Amino acid sequence: MTPGRTAGVVLAGGLSRRMGKDKAALVLEGRTLLERMTERLRASGLGTVYISGPGCIEDLYPGQGPLGGIYSVPVTLGDRYDRYLFVPVDMPAIEPASLARLLAEPMGRNPVLRFGEVPMPFLLRVDARVLALMETLLQEGRGGVSVRTFQRFAGVTSLPLPAEWAQGLVNLNTPGDWLTFTGEEP
1 MTPGRTAGVV LAGGLSRRMG KDKAALVLEG RTLLERMTER LRASGLGTVY ISGPGCIEDL
61 YPGQGPLGGI YSVPVTLGDR YDRYLFVPVD MPAIEPASLA RLLAEPMGRN PVLRFGEVPM
121 PFLLRVDARV LALMETLLQE GRGGVSVRTF QRFAGVTSLP LPAEWAQGLV NLNTPGDWLT
181 FTGEEP
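Mapping of the sequence shown onto the UniProt record's numbering: position 3 corresponds to residue 3, and the numbering continues sequentially without gaps.
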């Protein structure tokens, strides 16, 4: 791997059960959430952005939740990148400056860099140990292992979360969340 090669990844492979429709296709301010999150990653300074989800980078462990998508990205892309900045598709208020902060911060010895106790967005440095850990968790997990559980086993460095960025790190999971955020039905 070339040191420092980083790609952005929008996690858009969920079933959107609680929302009742595909969250990636929901339109906010004239753009789908998928388009919006891709733009936010690019605005943070990343030139390369991938989509983890149907028709893009497919889950190698279907039905295993976000960790299945996270694992599938470096396995599918091989050794092109050594770091990935993962964002969920349903976090439309995230500030590109917060993503840029994660990218600018030295990784240290832990492979996961995030804000406080918030599991996403996060920067992941991928190596053989991290891939083996994810594969083990996915093989043992039934119905999905949480991102938080993976991060705890992998090792996390947490950055302080500035108050002005905290509101942007909220997922829109249900029609009620969408209504509160937009004032409209999804």
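For each residue, glycine too, the CB sits at the ideal point set by N, CA and C. All figures in this text were calculated on a predicted structure; none of them were measured in a lab.
With respect to residue 102, residue 123 sits close: the two C-beta atoms are nearer than 8 Å. Here residue 180 is exposed. Its C-beta has fewer than 16 other C-beta atoms within 10 Å.
Counting only residues of its own chain and dropping the five nearest sequence neighbours on each side, residue 174 has a CB closer than 7 Å to the CB of 18 and 19. Looking only at 41, 55, 131 and 159, the smallest Cα-Cα distance to residue 116 is reached by 159. Residue burial is scored here from C-beta neighbours: residue 21 has fewer than 16 other C-beta atoms within 10 angstroms and is therefore classed as exposed.
Contact between residue 89 and residue 166 does not hold, since their C-beta atoms are separated by about 20 Å, which reaches or exceeds 8 Å. In chain order, 50, 52, 73, 84 and 86 place their CB closer than 6 Å to the CB of residue 9, counting only its own chain and leaving out the 5 sequence neighbours on each side.
Residue state for residue 44 is assigned as coil, using DSSP reduced to three classes. Residue 88 is bridged by DSSP to 11. Note: residue 157 is bridge-paired with 113 in the DSSP secondary-structure output. Apart from sequence neighbours up to five positions away, the residues of its chain that approach residue 161 with a beta-carbon distance below 6 Å are 115 and 116, ordered along the chain.
Taking all protein chains shown into account, residue 36 has 16 or more neighbouring C-beta atoms within 10 Å of its C-beta and is therefore buried. For the 8 Å CB-CB criterion, residue 145 and residue 64 form a contact.
DSSP lists 32 as the beta-bridge partner residues of residue 27. For residue 179, the uninterrupted alpha helix (DSSP H) run begins and ends at 175-182, by DSSP. Between residue 113 and residue 107 a beta carbon distance of about 6 Å is seen, short of the 8 Å cut, so the two are scored as contacting.
Only buried fits residue 24, as 16 or more other CB atoms lie within 10 angstroms of its CB. Counting along the chain, residue 101 sits inside the alpha helix (DSSP H) bounded by residues 96-104.
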